[in-house]
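Its first residue numbered 9, the sequence shown is counted upward by one per residue in the numbering used here.
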Amino acid sequence: MKLQVPFIQLPVMFDAAALLREATAFDESAWRPRSAHEAGNSALTLITTDGDPDSDALTGDMRPTPWLEQSPYMMQVLSELGATWGRARLMRLDGSAEVKAHVDVNYYWRERMRVHIPIVTTPDVRFQCGDAEVNMKEGECWIFDTWRQHRVLNSGHVQRIHLVADTVGGERFWDLLSEGRAPGKAYRGEWRPRMHPPAQGGTAYPDFERVNAPAVMSPWELREHMVFLLGECVPGPRLGPIQSALLRFSRCWQALWARYGEDKAGRSRYQTLLDATRKQLLGLGVEQIALRNEVGFWHALSWHVLDMALPGVDITAQRDVHGEPVIHAESSLEPAEAASRKVLSAAKLECPVFVVSPPRSGSTLLFETLAGAPDVYTIGDESHQVIEGIDGLSPMQRNFDSNRLDSADATPVVVEMLQNRFLAALRNRSGSAPDLLTSIRMLEKTPKNALRIPFIKAVFPDAKFIFLHRDPRQVCGSMIDGWKSGRFQMYSLPDWKGPAWSFLLTPGWRELSGQPLAEIVVRQWETAMRLMLDDLESLPPADWTAVDYERFLANPQQEAMRLSRWADWSWDCELDDQLPLSRYTLTQPDPDKWRRHAAEIEPRLSQWRITMERAASAAGL
Numbered sequence: 009m010k011l012q013v014p015f016i017q018l019p020v021m022f023d024a025a026a027l028l029r030e031a032t033a034f035d036e037s038a039w040r041p042r043s044a045h046e047a048g049n050s051a052l053t054l055i056t057t058d059g060d061p062d063s064d065a066l067t068g069d070m071r072p073t074p075w076l077e078q079s080p081y082m083m084q085v086l087s088e089l090g091a092t093w094g095r096a097r098l099m100r101l102d103g104s105a106e107v108k109a110h111v112d113v114n115y116y117w118r119e120r121m122r123v124h125i126p127i128v129t130t131p132d133v134r135f136q137c138g139d140a141e142v143n144m145k146e147g148e149c150w151i152f153d154t155w156r157q158h159r160v161l162n163s164g165h166v167q168r169i170h171l172v173a174d175t176v177g178g179e180r181f182w183d184l185l186s187e188g189r190a191p192g193k194a195y196r197g198e199w200r201p202r203m204h205p206p207a208q209g210g211t212a213y214p215d216f217e218r219v220n221a222p223a224v225m226s227p228w229e230l231r232e233h234m235v236f237l238l239g240e241c242v243p244g245p246r247l248g249p250i251q252s253a254l255l256r257f258s259r260c261w262q263a264l265w266a267r268y269g270e271d272k273a274g275r276s277r278y279q280t281l282l283d284a285t286r287k288q289l290l291g292l293g294v295e296q297i298a299l300r301n302e303v304g305f306w307h308a309l310s311w312h313v314l315d316m317a318l319p320g321v322d323i324t325a326q327r328d329v330h331g332e333p334v335i336h337a338e339s340s341l342e343p344a345e346a347a348s349r350k351v352l353s354a355a356k357l358e359c360p361v362f363v364v365s366p367p368r369s370g371s372t373l374l375f376e377t378l379a380g381a382p383d384v385y386t387i388g389d390e391s392h393q394v395i396e397g398i399d400g401l402s403p404m405q406r407n408f409d410s411n412r413l414d415s416a417d418a419t420p421v422v423v424e425m426l427q428n429r430f431l432a433a434l435r436n437r438s439g440s441a442p443d444l445l446t447s448i449r450m451l452e453k454t455p456k457n458a459l460r461i462p463f464i465k466a467v468f469p470d471a472k473f474i475f476l477h478r479d480p481r482q483v484c485g486s487m488i489d490g491w492k493s494g495r496f497q498m499y500s501l502p503d504w505k506g507p508a509w510s511f512l513l514t515p516g517w518r519e520l521s522g523q524p525l526a527e528i529v530v531r532q533w534e535t536a537m538r539l540m541l542d543d544l545e546s547l548p549p550a551d552w553t554a555v556d557y558e559r560f561l562a563n564p565q566q567e568a569m570r571l572s573r574w575a576d577w578s579w580d581c582e583l584d585d586q587l588p589l590s591r592y593t594l595t596q597p598d599p600d601k602w603r604r605h606a607a608e609i610e611p612r613l614s615q616w617r618i619t620m621e622r623a624a625s626a627a628g629l
């Protein structure tokens, strides 16, 4: 649900120790990975469709699982909040793990709030939403704006556990919300949350959802969703014709509703209208429209309206609330560590391609573009926890030296585990997992991998690399903005004097403690670039190529085709000259944005002219 502020704390407190006693009473087998894309992030179901502990569906008759039935205090907590509850879980987040930045955009989240009650946490757990950040304390009760970009980072060693439940609200819940407070905002009177300890006697029984998806969406609900989404759009010349097309669609839907309502006899006519509307919108360039929260309008419109106007089946049953594939207990996508030998015996990653560059070089845009190739599989995002979640590879387990890894770190166990972590998470542009009986082409990009080329080459001996070059002034300017935004914080470093460390951790970082931000950023860029070029130049020339960011923007179709030929992929996309914004864009692109920081950047970069010239030469400039 979209809120007026990023976070709201409710005026209630719960006994975290009592909740922990119930949470630790469950066998480890009850916990399951959240998804193939989120290593180090596991969950135990409490409320699900029909109370099935293995269900991740978002619709249907929501009932308590056996785990919740065994937990009287958790039942009491939910009852005390006075809400009607949808899906609920216990969620764990390992040390050095994160919930990646995302927006909850599907139908389920349009009118639901997510309640967080920390059971185990530390000051190293940071919850970011929009431009705000909080550290939720044990026993507190919070909601947040799921319509904004949000992210959770556990940079410490202690595993975080939260009770997390979704609700459309309720009479008592709305009263509590009216008394809530937003961090940083003025609050009337004294803030005194009321403690609700475990009660003696019988088990409280909260209300659960039974009606949560339409058989056929009413024209009034349909219009409500469309008006909301259109109001969230970034203005542009394509928006007018799209708005007119949606108005006509809603009027036609109203006419069909007046004739059929929810009668199954009308399904074919409803479906014909939906199909024609999709085709018309795609012809109008709907995929080029962005929302203010950095989500694509077409993606949100599909999930809110077009996929749910005539659902027929539970289209979200195989995906989590972020749209990512869910790993079920019975799924063939078992946790990679448990399934490594099984997967390796059947599958092979052939010539995987890694995009390498310092952060803020435009690698996300290049990655998202190339991921449109029909033969290519990706894990959908960056591989921070896929790699650092393996024992011994996290900087915290290496005295915080850096993200640097070399061939000696690629032990046989690490190689087997990492190959299968990637295999378990791969999807193509249609969201399908690969056929494990065939060779698989993988594309990956994570800026930290600029420091890991020898390691990657040892794990994947036939790996190839695309070096992405961008004007270092633009990169450093964007890195300064990224540090200041707080969205890219990675580590809480020992004895570090300065803002929380953002982006990749470069060798020699301790020398930068207490230095101005511009000095930190320029040294980050130079160290990453120098080491990356050293490593690339040690490889056979056929194992890597380069692309310049400005050349890519000037002719994305030509460059995508060139890189696809080099990687031996097919390419069937027709790209516009104006590419959509990437998911990690902070502000509207402008090649001169860096000039706001010119006085800080240019004198410092001048000291590293040799590295700058090497980078330009490697890119063919």
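Yeah, the Cβ is synthetic: ideal placement off N, Cα and C, and Gly gets one too.
Give me the residue from the options with the minimum Cα distance to residue i.
{"i": "residue 614", "options": "582, 565, 559 and 530", "result": "530"}
{"i": "residue 448", "options": "385, 515, 466 and 417", "result": "385"}
{"i": "residue 424", "options": "446, 469, 439 and 437", "result": "469"}
{"i": "residue 209", "options": "80, 281 and 172", "result": "80"}
{"i": "residue 176", "options": "252, 123 and 188", "result": "123"}
{"i": "residue 247", "options": "305, 418 and 622", "result": "305"}
{"i": "residue 387", "options": "250, 369, 428 and 54", "result": "428"}
{"i": "residue 256", "options": "290, 285 and 219", "result": "285"}
{"i": "residue 319", "options": "244, 287, 89 and 220", "result": "220"}
{"i": "residue 298", "options": "239, 253 and 182", "result": "239"}
{"i": "residue 166", "options": "266, 48 and 64", "result": "48"}
{"i": "residue 463", "options": "163, 266, 244 and 395", "result": "395"}
With a CB to CB cut of under 7 Å and the five nearest residues on each side skipped, what residues in its chain are close to residue i?
{"i": "residue 567", "result": "555, 559 and 560"}
{"i": "residue 195", "result": "189"}
{"i": "residue 270", "result": "223 and 224"}
May I have the straight-line CA-CA distance separating residue i from residue j, to the nearest angstrom?
{"i": "residue 604", "j": "residue 574", "result": "37 Å"}
{"i": "residue 516", "j": "residue 434", "result": "34 Å"}
{"i": "residue 42", "j": "residue 95", "result": "14 Å"}
{"i": "residue 56", "j": "residue 607", "result": "56 Å"}
{"i": "residue 466", "j": "residue 441", "result": "25 Å"}
{"i": "residue 398", "j": "residue 232", "result": "46 Å"}
{"i": "residue 241", "j": "residue 190", "result": "26 Å"}
{"i": "residue 523", "j": "residue 36", "result": "45 Å"}
{"i": "residue 484", "j": "residue 374", "result": "18 Å"}
{"i": "residue 381", "j": "residue 389", "result": "16 Å"}
{"i": "residue 370", "j": "residue 583", "result": "17 Å"}
{"i": "residue 137", "j": "residue 158", "result": "4 Å"}
{"i": "residue 127", "j": "residue 34", "result": "15 Å"}
{"i": "residue 346", "j": "residue 53", "result": "Only weak support is given to the placement of residue 346: the predicted model assigns it a pLDDT of 36, under 50, and the value that follows is read from those uncertain coordinates. If you take the alpha carbons of residue 346 and residue 53, they lie about 21 Å apart."}
{"i": "residue 461", "j": "residue 539", "result": "9 Å"}
{"i": "residue 118", "j": "residue 505", "result": "41 Å"}
{"i": "residue 168", "j": "residue 500", "result": "16 Å"}
Does DSSP put residue i in a helix, a strand or coil?
{"i": "residue 457", "result": "helix"}
{"i": "residue 161", "result": "strand"}
{"i": "residue 552", "result": "strand"}
{"i": "residue 148", "result": "coil"}
{"i": "residue 344", "result": "Low local confidence applies: a pLDDT of 34 at residue 344 is under 50, so the model's placement there is unreliable, with the coordinate-based value given in what follows. Residue 344 falls in the helix class under three-state DSSP."}
{"i": "residue 426", "result": "helix"}
{"i": "residue 136", "result": "strand"}
{"i": "residue 39", "result": "coil"}
{"i": "residue 387", "result": "coil"}
{"i": "residue 177", "result": "strand"}
{"i": "residue 15", "result": "strand"}
{"i": "residue 72", "result": "strand"}
{"i": "residue 447", "result": "strand"}
{"i": "residue 51", "result": "strand"}
What residues in its chain sit with their C-beta under 6 Å from that of residue i, if we drop five residues either side in the sequence?
{"i": "residue 60", "result": "none"}
{"i": "residue 671", "result": "It is not possible to answer for residue 671, since the shown part of the chain is limited to 9 through 629."}
{"i": "residue 436", "result": "385"}
{"i": "residue 180", "result": "90"}
{"i": "residue 287", "result": "none"}
Take residue i and list the residues in its own chain whose beta-carbon comes closer than 8 Å to its own, dropping the five residues that flank it on each side.
{"i": "residue 527", "result": "520 and 612"}
{"i": "residue 21", "result": "147, 148, 149, 201, 202, 203 and 204"}
{"i": "residue 141", "result": "134, 135 and 494"}
Any heavy atom of the ligand SAM closer than 7 Å to the CB of residue i?
{"i": "residue 315", "result": "You won't find the ligand SAM in this model; it holds no ligand whatsoever."}
* To do: Specify whether the region 144-151 and the region 20-33 touch according to this definition: at least 3 beta carbon pairs, one from each stretch, less than 8 Å apart.
  => yes
* To do: Spell out a yes or no on whether the region 402-414 and the region 356-367 are touching, meaning 3 or more CB-CB pairs, one atom from each, closer than 8 Å.
  => no
* Asked: If we count Cβ pairs, one from each stretch, closer than 8 Å, do we get three or more for the region 154-168 versus the region 108-116?
  -> yes
* **Meets three-Cβ-pair contact criterion under 8 Å: the region 67-84 and the region 99-106** => no
* To do: Assess, as a yes-or-no matter, whether the region 362-369 is touched by the region 469-481 under the definition of 3 or more beta carbon pairs within less than 8 Å.
  => yes
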